[in-house]
Each structure stands twice: as C-alpha cells, then as structure tokens.
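K.L.:
Mind looking over this structure? Questions follow.
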Ligand code: E4P
C-alpha cells in the first residue's frame, strides 16, 4: 500500500519524505488556500516545488467544472511536471474529461467520490486513481471504510486497474482499516502517519533496554 501525504505544506512534505515512507502527494484547492498560495502563477510554481521534493505522483486539482475548461486546465497542469496527476471532480464532464485524459496517456485522480456507483464510473473512464473520502462519510454517519471494501471488491471482480486511493483520512486507525480493506493508497496529513509509530510498550521497552545497557 502506498502512502501519500495530503497537504500543500512544503515543510510537512519534506518531513514525510525524509521519513522514507512517502510515495506521493495529494493537494486540493482548500489545502492550497490554507498555505496562502494564491494566483495562477504561484499555484503552478507550488506544484513544481512539491514535485521537486518527492519522487512519486502529485495530484493537482482542476478548478473548471465544464469539459473544455477541465481539459484546458488539465493539460496545463500535466505539462508542468511528469509527476503531475490531474485531479478531476466526480461530475459528468469530469468523467468525460477523465476518458479524454486516459486516451492521451495523462494520469488522473477522480476526486470527491462517495459511492460505489461513482467509483465504478471513474474506473470505466480509465481513472488512474479513485479517491473515496472516508472521513467525510464517517462525519455523516456512513461507514467510509466499508465503502473502500466495496470498491476494492468491485474492482477485483471486474479486473479494473484504477487504484483505490483512500482520502479524507482523519486518524491512524483509518490507515490500518484501509490497509485491511485492500486500499492501494492512503492519503492523509502527517499526524496520522506519525501516529502509527506510537505504542506505550515500545516506549517502556526501549527505556528498559537503554537502562539495562547502561548498567
Ligand atoms: C483528497 O485528495 C482530499 O484532498 C482530502 O483527503 C480531503 O480530506 P478532508 O475531508 O480532510 O478535507
């Protein structure tokens, strides 16, 4: 299972990359705004800066919601750097654009996915990644991890190559549950990734080993 970091914060991307477990980055317009990245040129440069830190795929989201606009923005993003994956919303023109990009050999990430039916359409269109948002589903009392299992099952039965990228991850347990459910990728902030390190028996065990060594 691949680990992506879900942020536009360059320090956190560097920290996760230095940790040695990072396979890629996802961003979205809200995450860019959170870092104060505004204006077309600055946004484009920021994507290049991210690509220069990590080796893997970097999802960059289109703003347009019509087919022509998505295609225009997607081409501009894909031309920025070979690591860019064009992130397209789960709407009718988005699916049409994903099919278009697939035929051009441009990688895509279908975002804002909340149902198995939507995931089926993304796979049919040839999306490289599908992003079910599990945390936002949990927020409204739907089981996000159950959706991951359902999508993984459908893709396995039908041999779809689209990778299931579990998004909107809120805690370390989400990561473990997504791993059990067969997600190909998890994308999350740095905190839940670092949370995987923690266990009180590791801390007390290490403390004792070091104390015994010093005796
Ligand atoms: C996915 O690619 C999105 O950027 C992200 O995971 C959304 O997470 P949130 O629900 O915490 O905003």
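Residue numbers (our numbering): 13 to 227.
For glycine and all other residues, C-beta sits at the position ideal for the given N, C-alpha and C.
These numbers were taken from a predicted model, which means no experiment stands behind them.
Nearest to residue 149 by alpha carbon, out of 161, 162 and 180?
P.N.:
Residue mapping note: residue 149 aligns to position 137 of the chain shown, counting from 1. For the residues 161, 162 and 180, the minimum Cα distance to residue 149 belongs to 180.
K.L.:
Can you name the start and end residues of the beta strand (DSSP E) that residue 175 belongs to?
P.N.:
Position 163 of the chain shown, counting from 1, holds the residue named residue 175. Segment 175–178, the beta strand (DSSP E) holding residue 175.
K.L.:
Any idea which residues DSSP pairs residue 73 with across the strands?
P.N.:
Sequence index remark: in the chain shown, residue 73 carries index 61 (1-based). For residue 73, which the question treats as bridged, DSSP gives the partners 99.
K.L.:
Helix, strand or coil for residue 37 per DSSP?
P.N.:
One-based indexing of the chain shown puts residue 37 at position 25. Here residue 37 sits in strand by DSSP.
K.L.:
Taking 8 Å as the threshold (beta carbon to beta carbon), is residue 50 in contact with chain B?
P.N.:
In summary, chain B is missing from the structure at hand, where a single protein chain is found.
K.L.:
On the DSSP bridge assignment, give the partners of residue 17 in chain order.
P.N.:
To locate residue 17, count along the chain shown from 1; it is residue 5. Residue 17 is bridged to 37 and 200.
K.L.:
Does at least one heavy atom of the ligand E4P sit under 7 Å from the Cβ of residue 216?
P.N.:
As a first step, residue 216 is located in the chain shown; it is residue number 204 there, counting from the start. No, the Cβ of residue 216 stays beyond 7 Å of every heavy atom of the ligand E4P.
K.L.:
Determine which residues share a DSSP beta bridge with residue 142 and list them.
P.N.:
Position 130 of the chain shown, counted from the first residue, corresponds to residue 142. BP columns for residue 142 point to 122 and 176.
K.L.:
Look up residue 164 in the DSSP assignment and say whether it is helix, strand or coil.
P.N.:
On the chain shown, residue 164 is found 152 positions in, with the first residue counted as 1. Looking at residue 164 - three-state DSSP - the assignment turns out to be helix.
K.L.:
Say yes only if the C-beta of residue 143 is nearer than 7 Å to one or more non-hydrogen atoms of the ligand E4P, and no if none qualify.
P.N.:
As a working mapping, residue 143 is identified with position 131 in the chain shown. Residue 143 Cβ: within cutoff of the ligand E4P.
K.L.:
Just the Cα atoms here: how many angstroms apart are residue 134 and residue 113?
P.N.:
Taking the first residue of the chain shown as 1, we reach residue 134 at position 122. Taking the first residue of the chain shown as 1, we reach residue 113 at position 101. Approximately 12 Å between the Cα atoms of the pair.
K.L.:
Quick one: is residue 36 buried, meaning 16 or more other Cβ sit within 10 Å of its Cβ, or exposed?
P.N.:
As a first step, residue 36 must be located in the chain shown, where it is residue number 24. Residue 36 should be labelled buried.
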